[in-house]
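Numbering (the working numbering), first residue to last: 275 to 450.
Each residue gets a CB set at the ideal place from its N, CA and C atoms; glycine is no exception.
Shown next, in structure tokens, is the structure this report addresses.
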């Protein structure tokens with residue numbers, strides 16, 4: 275079974291991820307990218323796309339769902355619009371595997387792969403580089419909203435900037 279490892283900065287040794295990263299880690303990642311973007315903490319939950327849209331006061335589709343999938347047993351991040359579902363067949367085809375080899379990662383695998391728990395997985399600041407795919411339906415929004423490390427934190431970002439900073443590949447991933 276795959277186990278993600280995080281590099282411990284002071285020693286360079288590999289350590290398993292056991293504690294989730296925080297909104298402060300996301301803010302540090304955004305700052306390191308030279309972006310003038312601030313993480314916002316809400317009193318209400320932003321764990322689901324609908325809760326996030328309600329908290330921000332925006333359309334459901336402009337919420338970025340950062341989903342960890344296992345494709346052929348390896349973690350992949352899919353950034354999907356809040357009002358869309360990911361088509362496992364389309365995702366698998368991009369990696370040359372059948373939909374039977376594609377599944378959503380469980381909470382522990384998501385934590386190990388990204389450093390964050392489901393409901394707070396951001397599009398940036400993961401514990402290690404991961405392939406990132408961006409569903410093309412997000413492109414209908416100039417501004418989108420990504421999770422920021424906890425089920426109460428979000429940041430606002432232009433879609434084009436999201437594509438640039440993640441290095442993600444924009445693809446047709448939505449179920450029809």
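Asked                                                                                                                                                           : Found
Assign residue 349 to buried or exposed, taking buried as 16 or more other Cβ atoms, counted over all protein chains shown, within 10 Å of its Cβ.              : buried
Which ranges does the alpha helix (DSSP H) cover as unbroken runs of at least 4 residues, wholly within the region 279-353, from first to last along the chain? : 297-306 and 323-330
Give me the Cα-Cα distance between residue 335 and residue 386, rounded to the nearest whole angstrom.                                                          : 28 Å
State the DSSP-derived secondary structure class of residue 447, mapped to helix, strand or coil.                                                               : coil
Cutting at 7 Å between CB atoms, please list the residues of its own chain near residue 446, excluding the five before and the five after it.                   : 364 and 410
Just the Cα atoms here: how many angstroms apart are residue 315 and residue 392?                                                                               : 17 Å
Please classify residue 404: does DSSP put it in a helix, a strand, or coil?                                                                                    : coil
Ends of the beta strand (DSSP E) at residue 420?                                                                                                                : 417-421
Given residue 319, which residues of its chain have a CB within under 7 Å of its CB, disregarding the five upstream and five downstream residues?               : 325, 425 and 426
Which residues does DSSP list as the beta-bridge partners of residue 376?                                                                                       : 345
For residue 416, which residues in the same chain have their Cβ closer than 7 Å to its Cβ, ignoring the five residues on either side in sequence?               : 432 and 433
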